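Quick notes on the structure that follows.
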Ligand code: PEP
Ligand code: MG
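Spelled out as structure tokens, the structure:
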């Protein structure tokens, strides 16, 4: 039957309605009706109808009530387009009045009828008449006394008798729910969940199926689902409460029974095996026909089952993956759809240890969520203390103003890192992500007293060395103590899903990997090679740092050559190991990039230690360190500039790469290394470096009598390199965009200091998001497009890729794919997210 008002629809198999006009709940109920499920009579109000109700324009109430017959008992529930956007709470038992009470008392007994009436008056008073809940929620009396008390309180507060006309009650309920949806708080809340500003609300009016009965057979209500929400494994889960209604079974969990027979207590299966079997069958039917794991809300009235509602089963990220894979394996959805159903970022929850979502969080402060996962440990304030703590077997959190290369060893020893300064691409963040170490940076809400070894939280709490904190790098929180955690797991369902994703993906995914451990992680996560190996990270180990410092301190070319001669075998061994681990997959090695002074100690004690190690007077060391200092080191003597002015460093690295290539090729597939020049801004820089690298290659070929191939490319990190891509490309087999530096230089925004004002900028919408986190497609992205076009114009076979931190984010991957890039490269732990995000673009 179609009402004269097209916005009020009796839910029948053929009634015209959709989630976009009547909301997800209404549409789902229609699907259940089509499946012949025992759904009580339901009428759906469209978004338009509800909007008009909020404006004061009520529908024809007589027509609305007509399908329910005389003296109905009804409930109203919200039906937003996406159920996750929420909505006002359901109101039950509309239509209860003095006359119903008398009639109901005969059917279910006086006390039960009084309880029902009382509940409705309470809900109506609080949610519809908006009276003070205190006057209604704590009525101690039961049965008729309680009812009289509540009715009296209603009269006192409103100076009116409780409305008796079901049409009036229903109209008021509809109006209050419609208005609640349009309120500012509700709007902001749902916008935070991704709803558009003008999202509509539908309402469903349904005849109550009671779950209370004194007739033959079982009466009660509950919920049922066929999978475990945490693991996604098949399991019959839910609760059932005799003589109850609504979500009582969940709200009064302790009194409720299990569904399937259970040694821990009574179950619906024991109480009413037929009803249980029917519910199981119907929920399974929902799964196969609605193509989703569903939770059914049901009532049993005198032995008869009613299905009131079906909602998508709430699920953890891990369960989400298993459910999608299982639906595809059962032939219910195609594999492509399983790929699309998993939010790539949700994989982080599976790949890292997390704070248990059910655990209580004592939040001390917030910072930037720089590297996902959570870990708890004792606070330490220096790398040395971190190492000492690790040696004692005590997990520790390294707390620093900011980290520098000197802290690497401390980071390896710590379970998490917390810094006061920095942003998404500062040292701690990049290294933390590379190592899979939970990391919060830019936590400037905390006051760091590193000298007196103390942190002060915004609420005045003080934390000292040795106190336990938890760093939650997934959401940027710093927590006091150690909440319960859930472990990471790359289970079989995830492996299956990723296999399907790789089958459809059409853009490559490599990993940024600096060390053999990183490379192994990259392989485990099935990266298709290394897109960026930051070679300088190989020099932070203690023994190498000293040789590196000797090299930096060398006054003469022979002295420098001597130090480089000692570094050569170390680098060669590093590369051999990388090539071996990657088993013939491409490995792109970036030549030395950072300013040299980053390898020198910054304080006096460090200078003294260095003077001892190098057997030099302290004043010499101090003078040398000062001489290397720059006002703006990130724009100074680094990258290719160092390669041009101190060419011996790149010569040594090129030799190490080629010798390692020959060595590794002996055992397996021939290795074709890729060598990448950082921070280029002019064609001539590339020509100069290329000439020297080619000369080293020729020398190694002659010395060894072995031939090998290699590819030389350019890292595009300056706006000028992007603009001049047409003249750079002919000298370069590939261009890889280093969007960390490119973002820094395009905005003129320090990647290491941006954390100080980034949140203010984002809050005031100066930047929609942190551009070091989410690629700025308008500005930096335009440079990428220009360079891609000009580069490919000059050299059609030019390989294009991105290796900045953006390479792992789904939005940047979409951008790079559209711009014709060959691959993206990201931290090893982000590789699965990137593989899935890339696959979703190709489906
Ligand atoms: C970059 O600048 O984007 C990059 C990958 O290099 P780094 O982060 O080492 O400067
Ligand atoms: Mg860079």
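In full-length UniProt numbering, the protein residues as written are 1 to 843. All residues carry an ideal CB built from backbone N, CA and C; glycine is no exception. In this text the structure is predicted, and so the values were computed from the model without any measurement.
Using three-state DSSP, classify residue i as helix, strand or coil.
i           : result
residue 150 : helix
residue 695 : helix
residue 622 : helix
residue 689 : helix
residue 768 : coil
residue 578 : helix
residue 240 : strand
residue 11  : coil
residue 557 : helix
residue 390 : helix
residue 507 : coil
residue 564 : helix
residue 745 : helix
residue 366 : strand
residue 634 : helix
residue 97  : coil
residue 20  : helix
Measuring only the C-alpha atoms, how far is residue i from residue j?
i           : j           : result
residue 424 : residue 139 : 54 Å
residue 714 : residue 642 : 15 Å
residue 636 : residue 826 : 26 Å
residue 765 : residue 191 : 16 Å
residue 519 : residue 552 : 28 Å
residue 720 : residue 739 : 13 Å
residue 499 : residue 454 : 48 Å
residue 14  : residue 31  : 10 Å
residue 165 : residue 22  : 27 Å
residue 622 : residue 571 : 28 Å
residue 99  : residue 137 : 24 Å
residue 59  : residue 174 : 10 Å
residue 638 : residue 679 : 8 Å
residue 478 : residue 756 : 17 Å
residue 665 : residue 671 : 6 Å
residue 337 : residue 230 : 21 Å
residue 128 : residue 256 : 29 Å
residue 473 : residue 433 : 10 Å
Give me, in chain order, the residues of the same chain whose beta-carbon lies closer than 6 Å to that of residue i; leave out the 5 immediate sequence neighbours on both sides.
i           : result
residue 839 : 339, 501, 504 and 505
residue 217 : 302 and 303
residue 286 : 294 and 310
residue 806 : 739, 775 and 812
residue 131 : 125 and 157
residue 377 : 395, 396, 397 and 415
residue 817 : 507 and 841
Who are the near neighbours of residue i in its chain, counting only those whose CB is closer than 7 Å to its CB and skipping five residues on each side?
i           : result
residue 811 : 774 and 775
residue 655 : 568, 696 and 700
residue 608 : 618
residue 873 : For residue 873 there is no data in the structure shown, the boundaries of the chain being 1 and 843.
residue 234 : 226 and 227
residue 27  : 17, 18 and 19
residue 562 : none
residue 475 : 369
With a threshold of 8 Å on Cβ separation, who are the neighbours of residue i within its own chain once the five nearest residues in sequence on each side are excluded?
i           : result
residue 461 : 364 and 480
residue 401 : 419, 420, 421, 448 and 450
residue 1   : Only weak support exists for where residue 1 lies, its pLDDT of 44 falling under 50; the value from the coordinates is given anyway. For residue 1, where only same-chain residues beyond five positions count, the Cβ hits under 8 Å are 10, 12 and 67.
Would residue i and residue j be called neighbours here (beta carbons separated by less than 9 Å)?
i           : j           : result
residue 373 : residue 351 : yes
residue 820 : residue 836 : no
residue 428 : residue 390 : no
residue 329 : residue 227 : no
residue 527 : residue 831 : yes
residue 417 : residue 471 : yes
residue 51  : residue 182 : yes
residue 298 : residue 223 : yes
Quick check: is the beta carbon of residue i nearer than 9 Å to any beta carbon in chain B?
i           : result
residue 776 : Of the protein chains in this structure there is only one, and it is not chain B.
Point to revise | Entirely enclosed alpha helix (DSSP H) segments - the segment 776–842, minimum 4 residues | key: Listed in chain order, they are 780–794, 810–818 and 831–842.
Check your understanding: What beta strand (DSSP E) runs, 3 residues minimum, are completely inside the segment 640–714?
Key -> Entirely contained in the segment 640–714, the beta strand (DSSP E) runs reaching 3 residues are, in chain order, 674–677.
Review point. At which residue ranges does the segment 190–251 contain complete alpha helix (DSSP H) runs of 4 or more residues, listed in the order of the chain?
Key: Counting only runs of 4 or more, we get 248–251.
Practice item. Identify every run of the beta strand (DSSP E) within the segment 459–522, keeping only runs that are complete inside it and at least 3 residues long; order them along the chain. Key: Within the segment 459–522, the runs of beta strand (DSSP E) at least 3 residues long that lie entirely inside it are, in chain order, 462–464, 468–472, 477–480 and 508–512.
Check your understanding: For the segment 298–356, which segments carrying the alpha helix (DSSP H) assignment without a break, of at least 4 residues, lie completely within its bounds, in sequence order?
Key -> List check, alpha helix (DSSP H) in window: 317–329, 335–341 and 347–351.
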